[in-house]
Amino acid sequence: MTSTATQRIPSKRQTLDEAYAPPANFLEIEVVNPITHGVGKMRYTDYEIRMRTNLPVFKQKESNVRRRYSDFEWLRGELERDSKIVVPGLPGKSFKRQLPFRSDDGIFEEEFIENRRKGLEQFINKVAGHPLAQNERSLHIFLQETYIDRNYVPGKIRSA
Amino acid sequence: MTMTDATSIEQERALDAASKVVKAEAFEMKRSLDKGKRMDALKHASAMLAELKSSLLTPKYYYRLYVDVIQELNHLESFLKDELEKELKQETIAELYEQVQYAQSIIPRMYLMITMGVIYMKLFPKMKSELLNDLVEMTRGVQHPLRGLFLRHYLLGVSKSLLPDLPEDAQLAIPGSGTVRDSIDFIKLNFSEMNKLWVRMQHQGPSREKEKRERERMELRILVGTNLVRLAELQTLTQDVYVTEVLPSILEQVVSCRDPISQEYLMDCVIQVFADEFHLATLNEFLASCKELAQEVHIKNVLIALIERISTYVSHPDTPGISEDIRLFEIFSSQAEGLIQSRSDMPPEDIVSLHVTLVSLAVRCYRDKLEYANTVFASLANNLQDKNVDNVEQYSAVGKELLRVLRIPVDEYKDALRVALLTDYARAMAPLNYRGRCTAASYILQDMIQMDTPLKTEEDVDAICLLIDCLLTDQPDQPADTPETEEFTDEQDLVASMVHLVQVDDKDAQFLLLNGLRKRFGAGGKWRIRQTLPPIIFSLYQLILAYPAPEGDDSARDAKLKKMFMCVMGTIGALVNSGELSQLPYNLYLEGAIVANRVSFEEKAVVVYELLSKALSVLEDEIADSRERLSALAVVTNTLIKIDCLPNDNWEPLASQVILAGAKMFKKPDQVRALCSSSYLYWKGRVDGSAEPMRDGGRVCDVLKKAVKIASQCMEPLVQQQLLIHLLNHYMHLYEDGCDKITPEILNELISRTRDASVQIEPSQEADNIEKHLQHTLQYIREAREKHADLAEHLQI
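Residue numbers (full-length UniProt numbering), protein chains in the order written: chain V, 1 to 160; chain D, 1 to 797.
This is how it looks when you write it as structure tokens:
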């Protein structure tokens with residue numbers, strides 16, 4: 001009845017499991033809970049990276065690590081070098097705020113930390129959702145290992 | 001402005017924008033159709049349908065857009081159908097069906113394909129089988145949950161009148177037009193795809209919006225349910241096919257999806273839409289599936305809906321009896337029990353709800369099998385005991401359900417004695433608190449009174465008293481202020497009404513029952529017996545009066561009657577001593593004396609005397625208020641006048657006692673009035689042996705003379721005047737009744753005294769009234785002269 005253009009393609013029937021299983025596309029990453037450690041000049045702020053996913057490529061379906069800004073910089077560097085994606089930008093490093101003789105707390109100011117937090121959250125969600133980034137070991141280390149081993153061997157992850 | 005306000009404003013804006021486009025394109029579409037430019041019309045239709053691709057709208061708003069678009073599509077469909085019907089060339093419509101499939105975007109493509117397909121099938125029914133299959137398969141192209149659900153809903157809607165409904169093995173007049181087999185396959189596939197999309201919605205979006213998503217899903221449930229409705233509407237869907245294929249496939253989808261929202265809704269849907277006979281034939285399979293549902297599903301609701309449906313069906317008068325093989329009660333009660341055991345966190349009100357349904361089933365469908373209903377009550381009591389459910393307030397969730405379950409057999413049997421046969425019924429009442437138990441018991445009593453359920457044996461009485469035990473005696477959990485509450489009074493009224501339900505033909509048996517009941521009521525304490533014992537006494541009086549007359553010398557009968565009076569006296573005594581009452585027992589004693597007087601039995605005089613003297617003791621000891629005493633004396637006078645069985649030796653002391661009591665009253669005016677009324681004793685009183693009242697004028701006058709003397713001692717002029725006029729009236733009355741000891745001189749004296757006094761009294765409102773009374777009296781006496789010559793001669797007025 002139909003021409004070749006509109007010919008019907010026989011398709012495989014889905015199993016019940018395939019039909020009803022929750023789709024394996026769930027990925028949520030939150031950057032929360034900024035804590036400033038140390039005193040005086042030796043202070044630094046880090047953030048909690050909370051991840052929940054059911055993507056098969058990630059080994060852990062839930063993970064919780066703490067990362068600081070320089071860790072994000074490290075990740076960005078690794079991805080720019082190894083993956084083929086155009087890596088989005090990080091929120092600013094803000095040198096001005098790190099200079100002495102400021103009337104406020106510089107980079108440990110609440111408002112600044114909050115803005116940075118938002119920027120970092122946007123960054124990591126964009127990056128982690130990209131299939132090419134998901135193949136890089138550096139991303140997995142960043143998201144799911146407690147400590148980043150800067151001497152790791154870069155490489156690709158093959159999904160199960 | 002709240003979050004939801006902001007969102008709904010955005011939604012309204014988006015909907016508005018989309019609706020504008022729809023309107024504009026629909027207008028162009030219609031214009032093209034009118035001009036006969038079909039392709040242009042389809043292009044505009046496609047542009048209109050593109051608005052349904054929107055991802056901006058939530059289900060509520062998408063639905064509104066959908067409704068607008070469908071309306072325009074319907075117009076397109078009917079216009080083209082009418083046009084094509086005129087020429088009726090298959091190539092034309094086949095070509096249209098083909099052409100719409102070249103639409104670039106899938107949403108417009110699918111909607112147009114369905115629309116053309118429907119026209120095609122309406123004009124050429126031989127294509128139905130092929131096209132229905134094609135359409136339901138091709139709609140798989142849209143996998144987005146919201147858009148897919150509405151698309152399939154459209155498909156289901158417009159195909160409703162086209163679904164073939166002929167038996168599978170029918171000889172088709174038009175080959176290819178399909179049988180019910182095609183319809184079943186079509187709906188099954190549509191249903192499973194729609195459920196899949198509906199469940200998939202659960203996983204769309206961030207996890208913090210879970211509740212919002214669940215609410216939106218609930219709004220869309222009817223879209224999925226319509227498939228089941230459509231299945232149920234197929235007339236030629238046989239029970240066999242339902243049992244072997246349709247239900248199993250539905251249940252397979254329901255169980256596999258593992259989604260609580262879908263499961264709970266669809267199980268309920270199945271119960272509601274399919275025929276009762278189908279349910280009876282698939283009970284075991286259905287219930288087995290219930291066990292496999294997710295933990296969050298409220299299975300209790302599903303089970304209750306099913307049992308309710310089946311109960312109504314089976315108990316309906318038009319239903320043919322179900323086969324003995326289907327042991328409904330056993331199946332459902334074991335299911336319910338299993339459910340309760342498996343869900344340890346089931347709240348108590350849910351446990352009771354399940355039992356409500358089971359009792360309803362047992363009582364409505366197995367009226368004769370009392371043991372079924374009883375089993376349910378036993379299991380309920382046990383379950384509640386296990387969960388330590390106690391002291392339940394009647395308006396709490398548990399309380400309300402508990403009262404419901406207790407009322408069901410009362411309402412259905414309409415025979416409280418039958419309810420009493422359920423030995424575990426009382427145990428099921430126990431978890432309620434005091435007020436709750438009383439409410440439940442009152443309900444039973446009210447039913448008995450309404451139905452006029454007679455109590456004929458001691459067993460009957462015992463059984464009912466067991467059920468209403470909380471009303472009969474003080475309970476350990478009874479609040480301290482209970483006797484003062486309105487409920488208490490109403491409840492005791494109900495208990496009192498029970499007495500009138502004791503109806504046995506044999507009078508001796510009746511007495512036995514009344515006596516037994518009396519003993520039970522007697523244990524109720526001061527506040528209860530005040531209300532519950534009087535009816536017993538009145539029933540005993542009724543019984544005594546109705547006792548058959550003696551045949552010859554019947555000492556057994558005499559003994560029985562005496563015993564009854566003993567019972568009466570004991571009961572009235574209890575009212576005096578424990579009940580701490582005075583007026584009521586007093587009147588009851590006097591009533592008893594009158595009753596005894598009317599019945600003939602040997603020791604009648606003894607009994608009458610006893611009752612009267614007891615009454616006088618009560619008057620003496622308990623009735624202190626002077627107004628009450630005055631009226632009490634009048635009552636006892638009237639009673640004594642009615643009594644005619646006392647020998648003189650007994651009558652005299654009683655009469656003198658009454659007179660004395662009157663003379664001893666505290667206030668002098670009261671003494672005068674009392675003596676006036678009791679003077680009638682010597683006039684109208686009658687002793688045993690004499691046929692006539694004694695009419696002892698001498699003694700009457702003695703009494704009245706004393707009264708006059710006392711009246712004269714009253715210091716207040718107004719009071720004295722009042723009393724003297726009162727006495728004058730009395731004298732006059734007795735004179736006219738034939739008392740010869742009352743002479744005109746006596747009258748004259750009183751007349752002159754009152755006249756003299758009336759001049760000296762200071763004027764006032766009260767004085768005027770008294771004067772009027774005097775004048776009326778004097779006028780009456782004047783007119784009486786015409787009837788009595790004696791008066792006419794000697795009266796000085």
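Every residue, glycine too, gets a C-beta built ideally from N, C-alpha and C.
At a cut-off of 4 residues, the continuous stretches assigned as alpha helix (DSSP H) that sit fully inside the segment 233–298 of chain D are 247–257, 260–273, 276–281 and 283–291. A direct Cα-Cα distance of roughly 27 angstroms separates D/Y541 from D/D649. Distance from the CA atom of D/L339 to the CA atom of D/Y154, rounded to whole angstroms, is 39 angstroms.
One finds K196, V199, S256, C257 and R258 in chain D with Cβ atoms closer than 7 angstroms to the Cβ of V/Y20, taken in chain order.
Within chain V, not a single residue places a beta-carbon under 7 angstroms from that of D/E209; the smallest gap is close to 11 angstroms. When the Cα atoms are used, V/E18 and D/Y97 turn out to be separated by approximately 32 angstroms.
DSSP links V/S63 through a beta bridge to V/M51.
Counting other Cβ atoms within 10 Å of its Cβ, D/N597 reaches 16 or more and is therefore classed as buried. Counting C-beta pairs with one atom in each stretch, the segment 133–143 of chain D and the segment 36–52 of chain V have fewer than three that are closer than 8 angstroms, which means they do not touch. For D/I106, the enclosing alpha helix (DSSP H) covers residues I106 to L123. Looking at D/Q531, D/F274 and D/E209, the one whose alpha-carbon comes closest to that of D/Q235 is D/F274. In this structure V/L27 does not touch V/G89 by the C-beta definition: roughly 21 angstroms separates them, more than the 8 angstroms allowed.
Taking all protein chains in view, the Cβ of D/K23 is surrounded by fewer than 16 other Cβ atoms within 10 Å, so the residue is classified as exposed. The segment 403–420 of chain D and the segment 429–445 of chain D touch, with no fewer than 3 CB-CB distances between them shorter than 8 angstroms. The Cβ-Cβ distance between D/L774 and D/Y731 does not fall below 8 angstroms.
In this structure D/D16 is exposed. Its beta-carbon is surrounded by fewer than 16 other beta-carbon atoms within 10 angstroms. Taking 8 angstroms as the threshold, the shortest C-beta distance from V/F123 to chain D does not fall below it. Under the three-pair Cβ rule at 8 angstroms, the segment 79–97 of chain V does not count as touching the segment 145–152 of chain V. The beta carbon of V/A133 sits closer than 7 angstroms to the beta carbons of L79, S83, I85, V127 and L139 from its chain, once the five residues preceding and following it are set aside; these are given in chain order.
For a Cβ distance threshold of 8 angstroms, residue set H203 of chain D lies close to V/F26, ordered along the chain. Nearest to D/E277 by C-alpha distance, out of D/A232, D/A711 and D/R627, is D/A232. D/E211 and D/G205 have their C-alpha atoms spaced approximately 11 angstroms apart. Put simply, the backbone Cα of D/K414 is about 59 angstroms away from that of D/V672. Neighbourhood of V/S103 in chain D, by CB distance below 7 angstroms: empty, with the nearest CB roughly 36 angstroms away. In this structure, DSSP gives D/Y395 a state outside helix and strand, which the three-state scheme calls coil. Within the model, the alpha-carbon separation for D/E762 versus D/D670 is close to 24 angstroms.
About 6 angstroms separates the CB atoms of D/F511 and D/M564; that is less than 8 angstroms, so the two are in contact.
Per the DSSP secondary-structure output, V/T45 pairs in a beta bridge with V/T36.
For D/T482, there is no enclosing alpha helix (DSSP H), as DSSP gives it neither H nor E. For D/I770, the uninterrupted alpha helix (DSSP H) run begins and ends at Q765 to A784, by DSSP. Within the DSSP secondary-structure output, V/K156 pairs in a beta bridge with V/E136.
Using beta-carbon distances, V/T4 does not count as an interface residue toward chain D, since no partner is under 8 angstroms. The beta-carbon separation of D/L432 and D/V392, rounded to 5 angstroms, stays under the 8 angstroms limit for a contact. The beta-bridge partner set that DSSP reports for V/E28 consists of V/R52. No Cβ of chain V is located within less than 8 angstroms of the beta carbon of D/Q71. In the assembly as shown, D/D350 is a buried residue. Its beta-carbon has 16 or more other beta-carbons within 10 Å.
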